[in-house]
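J.:
Here it is as structure tokens:
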């Protein structure tokens, strides 16, 4: 009986090797490319909701929505880049000291703790595009790549008409905004 078991081992090894080789040969390049693209999409440290940007012809505009940190560490958003503007900054809303509110560049960015969200909204904190290089039309989808403590993160926004939240800037914070509408 001991010899029968030993005789079956080589047959099992050959069968297993054949199945392994067959499995390797059946993978198509598009399958592995799709898997790589899916893995990259799933590796983003954020989830987003209601991402939109104010349509504008020139000057400056604001981008809004909710960004949730899905990573296991703090995420600080500090700025960004876009094909539609020369400057992309994080802006905060602060008191002007006279009972009103004004917007200004938040140089140290916004930190989002793991599992928490940051909402950017008109009249509140937002992502600012300045020195626009091309118009943003209603319905257009644009990408802003935000800079973060975990690397660059592309975010997609849908442009829409919006007439509210006309921004006022803090004294001394105008130099970057000269010559812009808004």
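Numbering (my numbering), first residue to last: -8 to 173. By construction, the Cβ of each residue, glycine as well, lies at the ideal position given by its N, Cα and C atoms.
In whole angstroms, give me the CA-to-CA distance for residue 92 and residue 110.
T.: 18 Å
J.: Pull up the distance between the alpha-carbon of residue 101 and that of residue 149, whole angstroms please.
T.: 22 Å
J.: Span of the beta strand (DSSP E) holding residue 107?
T.: Per DSSP, residue 107 belongs to no beta strand (DSSP E) and is neither H nor E.
J.: Could you give the DSSP three-state label for residue 140: helix, strand or coil?
T.: Reduced to three states, the DSSP call for residue 140 is coil.
J.: Residue 89 lies in the beta strand (DSSP E); which residues open and close that run?
T.: Note, residue 89: premise wrong, no beta strand (DSSP E); not H, not E.
J.: Apart from the five residues on each side of it in sequence, which residues of its chain come closer than 7 Å, Cβ to Cβ, to residue 128?
T.: Excluding residues within five positions, the ones whose Cβ falls inside 7 Å are 46, 150.
J.: Please classify residue 76: is it buried, with 16 or more other beta-carbons within 10 angstroms of its beta-carbon, or exposed?
T.: buried
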